[in-house]
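Below is one structure, written out as structure tokens; the observations come after it.
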Amino acid sequence: MLAEFLQYLFTGITIGATYALIALGFTLIYNASHVINFAQGEFLMIGGMATVSLTAMGVPMVFAVVLAIILAGVLGIALQRLAIAPAKQADVVTLIIITIGASIFIRGIAQVVWGKEYHVMQNFSTDQPIQVFGAVLNSQSLWVLGIGAVMVVALVLFFTKTLIGKAILATSMNKEAARLVGIRTQMVLMLAFMVSALLGSVAGIVVAPITFTSYDIGIILGLKGFVAAAIGGLGSGVGAVVGGLALGIVEAMAAGYISSDYKDAVAFSMILLVLFFMPRGLFGAKVVERV
Amino acid sequence: MFKTMMRRAGKCAAVAAAGLMMMSAQAAEPIKIGSFLSVTGPASFLGDPELKTLEMYVEKINEEGGVLGRQLELIHYDDVGNASSARNFASRLVRSDRVDIIVGGSTTGATMAAVPLIEQAQVPFISLAGAVVITTPVKKWVFKTPQSDRMAAERILSDMKDRGITKIGLISGTDGFGSSGRTQTLEVAEKMGMEVLADVTYSGSDTDMTAQLTNIRNTNGVEAVLNFGFGQGPAIVTRNYAQLGMNLPFYQSHGVASDGFLELAGSSAEGLRLPASPLLVPDSLPEDDPQKAVVQNYKSEYEARWDSKVSTFGAYAYDGLMLAVRAIEEAGSTDPEAVREALENIKGYVGVTGEFNMSPDDHNGLDPDSFRILEVQNGEWKLID
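Chains Y and A, in that order, give the protein sequences.
In this note's numbering, each residue carries its 1-based index in the first sequence increased by 17.
In this note's numbering, each residue carries its 1-based index in the second sequence increased by 5.
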């Protein structure tokens with residue numbers, strides 16, 4: 018009984034941590050620009066696929082990971098510079114559509130470069146699973162959770178302790194005022210894209226040994242990450258983490274106790290319920306329109 | 006006077022010459038083989054080797070003098086895995102290209118979308134898709150080369166029975182392949198007096214099936230587990246199965262019978278069994294196996310020509326084309342009704358997929374034994390039965 022529950026919980030937390038990292042990426046860009054970046058899933062895919070192909074070329078794992086993260090970061094900057102920045106005057110909806118276009122473009126390139134097959138990545142440490150009270154925990158899950166936690170702490174420090182982080186926060190609160198005190202908001206926007214690309218690629222890399230990776234893995238994981246962000250309240254960092262974990266756990270419990278047929282239905286009814294009663298999500302900021 | 010006669014004679018000669026040319030054109034007019042395949046798009050792993058196979062063997066047959074002294078002409082369209090474009094292309098094949106026979110339809114969806122139209126146009130059609138609905142109930146003009154999922158279920162369950170297993174746990178994908186396989190497994194199990202104690206599913210995009218497998222593990226009395234699925238899902242199931250330390254005999258379906266699956270599942274696949282085409286183990290077939298030569302030839306010719314690994318899906322196209330050729334040869338013409346009848350009466354054609362024995366009530370012509378049971382041993386396929 019307990020073993021069963023723990024098993025579902027482990028499964029849920031692992032996948033939930035991934036959702037949380039993706040949701041954080043959404044949150045970052047949303048805060049900086051009110052744009053929902055639907056290419057977030059593609060950063061995840063780039064992270065995993067680049068690592069796999071680099072290791073296949075004989076690059077040691079650690080370097081491959083670093084290179085893949087850098088590649089994703091560059092891609093994030095390129096996305097902002099080449100696709101978002103030129104449409105400066107466009108409204109948010111147009112920008113969101115641009116990110117959808119960009120995601121299709123990136124996926125297309127990846128398909129040509131890396132092919133359509135699924136690829137395996139080795140576990141970071143042992144393949145041997147860990148036994149906890151009769152439940153089994155994949156050692157990679159610990160990596161996902163650990164790295165997820167490190168990323169969250171790093172983000173918190175980045176936003177509260179560094180000038181750049183504070184600049185991003187300031188821009189998200191009031192763009193005009195930020196510009197008046199000398200913050201280069203375009204620069205901030207670019208940084209936001211870069212950081213969220215880094216986050217996405219890290220998520221993609223740590224989770225790849227569990228889920229495999231392929232050129233289209235970003236679609237569904239990106240969507241789930243968005244759902245997590247929306248449940249938590251778009252724009253809230255805590256919300257993204259809580260939303261991601263909650264979504265993952267609810268999915269796993271539904272698959273285990275009810276039926277895997279209803280797993281996605283349960284997850285999506287959850288977002289309906291939350292948005293119905295708390296339209297701004299669990300931790301969404303109250304918006305007061307000043308006249 | 007003489008001039009006009011000369012002119013008339015000239016005209017006659019011109020007409021006669023033109024007539025002769027037309028006649029010789031008639032005699033050498035190629036046999037048109039139409040095809041619509043999913044060469045790009047999500048089902049390209051089916052369509053791509055199928056098209057390569059068709060192109061390569063049409064070329065080869067033409068070099069060897071064609072069929073009935075006529076050359077073959079392959080008219081091909083790419084349906085991108087989309088059922089409605091499959092239907093449009095089928096319509097173009099029968100209406101404007103006026104093909105003599107159609108070999109194609111990579112997916113069940115594409116095939117079934119084109120069937121009503123082809124039936125109406127009365128053109129023989131050999132489908133390369135798997136589901137049982139294509140030839141059950143029998144449709145007059147429709148044939149197919151792959152074994153159905155029902156045969157796979159029969160083959161797996163009878164292998165289980167041979168090992169004394171009667172109570173199983175079933176985990177299947179919710180996609181078309183998985184859910185059809187699930188239905189067939191449940192039916193066959195009932196017919197064979199076996200019990201499906203646990204019946205769980207996962208969706209194609211799931212990244213962790215530990216929860217479903219835990220469910221099966223906690224069901225009392227399960228003696229073996231069967232996973233009916235396609236794509237990367239079964240590989241994840243296999244890994245989770247190993248992680249959970251489940252020791253029951255584990256079966257997969259023919260949907261993952263490829264070397265790519267072994268690569269994904271890695272050492273977790275050790276010991277699992279599945280029904281597959283002999284194409285995966287051409288060299289371990291016994292010498293007296295009638296399929297051995299066919300399978301080895303196809304494999305070496307394909308790999309030499311395209312420099313890529315042979316796949317079971319390409320073999321469906323090989324068998325489709327060869328059945329078409331044989332039927333046209335036997336009919337002695339491309340008259341659709343004669344070709345259809347010849348197809349229906351093909352007996353003992355040894356192909357890559359199996360030995361085909363068509364009949365008016367069986368437009369597939371294969372039996373479950375055409376599947377070989379393979380087991381993964383030391384990371385390689387091993388022929389068991």
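Backbone N, C-alpha and C define an ideal beta-carbon position, used for all residues, glycine too.
Taking a contact to require three or more Cβ pairs closer than 8 angstroms, the stretch 118-130 of chain A and the stretch 52-64 of chain A do not qualify as touching. Ranking K241(Y), F229(Y), G298(Y), L216(Y) by CA distance to the CA of F266(A) puts F229(Y) first.
Close CB contacts of I38(A) within its chain, under the 8 angstroms cut and outside five residues either way in sequence, are with L59, V63, L77, E78, L79, I80, V104, D105, I106, I107, V108, L326, A329 (chain order). Taking one beta carbon from each stretch, the stretch 288-300 of chain A and the stretch 268-277 of chain A have fewer than 3 pairs nearer than 8 angstroms; the two do not touch.
Across the set A136(A), K144(A), G174(A), the C-alpha of G174(A) shows the shortest separation from the C-alpha of T219(A).
Within the DSSP bridge table, the entry for I80(A) names G39(A) as partners.
Restricting attention to I241(A), V344(A), A281(A), the CA atom closest to the CA of S258(A) is found in A281(A). The count of Cβ pairs closer than 8 angstroms, one atom from the stretch 159-172 of chain A and one from the stretch 196-206 of chain Y, stays below three, leaving the stretches out of contact. For the stretch 322-364 of chain A, the full-length alpha helix (DSSP H) segments reaching 4 residues or more read 341-349 along the chain.
Between N54(Y) and S189(Y), the beta carbon gap of about 14 angstroms keeps them out of contact (Cβ cut-off 8 angstroms). Between the stretch 136-144 of chain A and the stretch 355-375 of chain A, the count of Cβ pairs shorter than 8 angstroms is three or higher; the stretches touch. The contact set of E268(A) on chain Y, defined by CB atoms closer than 8 angstroms, consists of V137 in chain order. The beta carbon of N223(A) sits closer than 8 angstroms to some beta carbon of chain Y. Assignment of beta-bridge partners to G174(A) by DSSP yields A203(A), V230(A).
For H368(A), the three-state secondary structure derived from DSSP is coil. L379(A): member of the beta strand (DSSP E) spanning 377-382, first to last residue. Contact between the stretch 230-242 of chain Y and the stretch 129-141 of chain Y is present: 3 or more CB-CB pairs across the two stretches fall below 8 angstroms. Secondary structure at E385(A): strand, using DSSP grouped into helix, strand and coil.
In this structure, G110(A) and A134(A) form a Cβ contact; the two beta carbons are roughly 5 angstroms apart against a cut-off of 8 angstroms. The beta carbons of V242(A) and G234(A) sit closer together than 8 angstroms. Cβ-Cβ separation between G65(Y) and A214(Y): approximately 13 angstroms, too far for a contact (criterion under 8 angstroms).
It is roughly 11 angstroms from the alpha-carbon of V355(A) to the alpha-carbon of Y323(A). Any Cβ of chain Y closer than 8 angstroms to the Cβ of V193(A) would place that residue at the interface, and such an atom is absent. One alpha carbon belongs to A56(Y), the other to R377(A), and they sit about 44 angstroms apart. For the stretch 204-237 of chain A, the beta-carbon criterion of a distance under 7 angstroms to any beta-carbon of chain Y is satisfied by V205, T206, Y207, S208, S210, T212, D213, T215, A216, Q217, T219, N220, N223, Q237.
DSSP places Q57(Y) in the uninterrupted alpha helix (DSSP H) bounded by 57-73. Taking a contact to require three or more Cβ pairs closer than 8 angstroms, the stretch 68-76 of chain Y and the stretch 267-274 of chain Y do not qualify as touching. Under the Cβ distance rule, G250(A) counts among the residues neighbouring chain Y, one pair being separated by less than 8 angstroms. Beyond the five residues adjoining it in sequence on each side, Q24(Y) comes within less than 6 angstroms, by CB distance, of A152 in the same chain, given in chain order. T179: these are the residues of the stretch 165-182 of chain A whose beta carbon lies less than 8 angstroms from some beta carbon of chain Y, given in chain order. S120(Y): member of the alpha helix (DSSP H) spanning 109-131, first to last residue. Three or more Cβ pairs closer than 8 angstroms define a contact, and the stretch 237-250 of chain Y meets that threshold against the stretch 286-303 of chain Y. Among the CB atoms of chain A, none fall inside 8 angstroms of the CB of T177(Y). Contact check for G165(Y) against L38(Y) passes: the beta carbons are separated by less than 8 angstroms.
L26(Y) places its beta carbon 8 angstroms or farther from that of L216(Y). DSSP, read as helix, strand or coil, puts L249(A) in coil.
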